[in-house]
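For the sequence shown, our numbering assigns the number 7 to the initial residue and increments by one for each residue that follows.
Backbone N, C-alpha and C fix where the C-beta goes; we use that ideal spot for every residue, glycine too.
Remember, it's a predicted structure, so these values are computed and weren't measured experimentally.
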Amino acid sequence: MDILTFTGTLAAGALGKIIADFLYPIIHTAGESFKDKVFRMVAQKLKDISPEKIVAPEPYVVVPVLQALSYSFNEEHLRDLYASLLVKSMTEDTRWEVHPSYIEVIKQMSPFDARFFKNFFAKSRSGDMYDIVISKDDKTTHHFERYMLTEDDPFLLSLTLFSLERLGLIYGHNLYQPVLIPEGKKEERRSQIFASGFPQKLAGRKLTIDDIDVTPLPFGITYYGELFYKTCCE
7 MDILTFTGTL
17 AAGALGKIIA
27 DFLYPIIHTA
37 GESFKDKVFR
47 MVAQKLKDIS
57 PEKIVAPEPY
67 VVVPVLQALS
77 YSFNEEHLRD
87 LYASLLVKSM
97 TEDTRWEVHP
107 SYIEVIKQMS
117 PFDARFFKNF
127 FAKSRSGDMY
137 DIVISKDDKT
147 THHFERYMLT
157 EDDPFLLSLT
167 LFSLERLGLI
177 YGHNLYQPVL
187 IPEGKKEERR
197 SQIFASGFPQ
207 KLAGRKLTID
217 DIDVTPLPFG
227 ITYYGELFYK
237 TCCE
């Protein structure tokens, strides 16, 4: 797709010409299919923005974003983060919110990381995860960190919570200074974890449980995470 084809067939008028003018010089050497997908994606997200508010994105933002999209476009949750970041960088009122570090954050996220972060924090800015000590009748123990009461694979979610914390998007309560809760409340959480299917989920990984000890670990979104969410998820 060349610049005239795009302008004439996709978004005839100001929007199509502006997008093509700003993006074509950067993306013109890419494959036709990729160019078409990017142009359509950007046009869809900018359709409600006044043409006067659309500006040229900074090269230090748009170039690495397009490079990353070239190998992650088929991953919906990652693509959406990159798309929102790119469009914010092309909008006069929000371009100042875009930081190049966000690109590196997305590069280090799995599709599951992106889905969990966007969906969970759309509903709440904090939650509870649990440090669980699994004990067996033979007196052996297994330490399972970062469990949540969800339908997700506990191993995958544990890795995601550690990764999001490492990226600075969420904070977790210090594992070695756990929150103290009344024994009755602790027993209630223990029952909830059993009821959530935790033993069955571990059975699939060849781990069995005879008893567990539960320590709650509150977590939430950091200020950096809030800024990232506003730019890449909204």
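Original post:
For Arg152, does the three-state DSSP call read helix, strand or coil?
Top reply: On the sequence shown, residue 152 is found 146 positions in, with the first residue counted as 1. In the structure shown, the three-state DSSP call for Arg152 is strand.
Subject >> Per DSSP, the bridge partner or partners of Asp159 >> reply: Taking the first residue of the sequence shown as 1, we reach residue 159 at position 153. According to the DSSP secondary-structure assignment, Asp159 is paired through a beta bridge with no residue.
Original post:
Whole-angstrom Cβ separation of Leu173 and Val71, contact assumed at under 8 Å?
Top reply: Taking the sequence shown and counting its residues from 1, the one referred to as residue 173 is at position 167. Taking the sequence shown and counting its residues from 1, the one referred to as residue 71 is at position 65. Actually they do not touch by this definition, with Cβ atoms about 17 Å apart.
Subject >> Secondary structure of Ile227, DSSP reduced to three states >> reply: Translated into the one-based positions of the sequence shown, residue 227 becomes position 221. Residue state, collapsed to three classes: strand.
Original post:
DSSP three-state call for Ile112: helix, strand or coil?
Top reply: Looking up residue 112 in the sequence shown gives position 106. Residue state, collapsed to three classes: helix.
Original post:
Nearest to Thr221 by CA position, among Trp102, Ser197, Lys124, Phe79, is which residue?
Top reply: Translated into positions along the sequence shown, residue 221 becomes position 215. Comparing Cα-Cα distances from Thr221 to each of Trp102, Ser197, Lys124, Phe79, the minimum goes to Ser197.
Original post:
Using DSSP with H/G/I as helix, E/B as strand and the rest coil, what is Met96?
Top reply: Your numbering for residue 96 matches position 90 in the sequence shown. Look at Met96 here: in three-state DSSP terms it is coil, with no helix or strand label.
**OP:** Verify whether the separation of the beta carbon atoms of Thr237 and Tyr108 is less than 8 Å.
**Re:** What you label residue 237 is simply residue 231 of the sequence shown in a count that begins at 1. What you label residue 108 is simply residue 102 of the sequence shown in a count that begins at 1. Yes, they are a contact pair.
**OP:** Consult DSSP for Asp54 and reduce its assignment to one of helix, strand or coil.
**Re:** For the purposes of this step, residue 54 is taken as the residue at position 48 of the sequence shown. Three-state result, Asp54: coil.
Original post:
Would you say the stretch 113-124 touches the stretch 163-173, given that touching needs at least three Cβ pairs under 8 Å?
Top reply: yes
Original post:
Would you call Ser132 buried or exposed, if buried means 16 or more other Cβ atoms sit within 10 Å of its Cβ?
Top reply: Sequence index remark: in the sequence shown, residue 132 carries index 126 (1-based). By the 10 Å Cβ count, Ser132 comes out exposed.
Subject >> Residue range of the unbroken alpha helix (DSSP H) whose run includes Ser78 >> reply: Position 72 of the sequence shown, counting from 1, holds the residue named residue 78. Counting along the chain, the alpha helix (DSSP H) containing Ser78 begins and ends at 65-78.
Original post:
How do the stretch 50-59 and the stretch 93-102 stand: do at least 3 beta-carbon pairs fall below 8 Å, yes or no?
Top reply: yes
Original post:
In three-state DSSP terms, what is Val139?
Top reply: Position 133 of the sequence shown, counting from 1, holds the residue named residue 139. Correct three-state label for Val139: strand.
**OP:** Go through its chain and collect everything with a Cβ distance to Ile218's Cβ below 8 Å, but skip five positions before and after it.
**Re:** Position 212 of the sequence shown, counted from the first residue, corresponds to residue 218. So the qualifying residues of the chain are Ile138, Val139, Ile140, Ser141, Arg196, Ile199, Phe200, Phe204.
**OP:** May I ask you to list the residues that DSSP assigns as paired with Tyr177?
**Re:** Position 171 of the sequence shown holds residue 177. Answer is Gly226.
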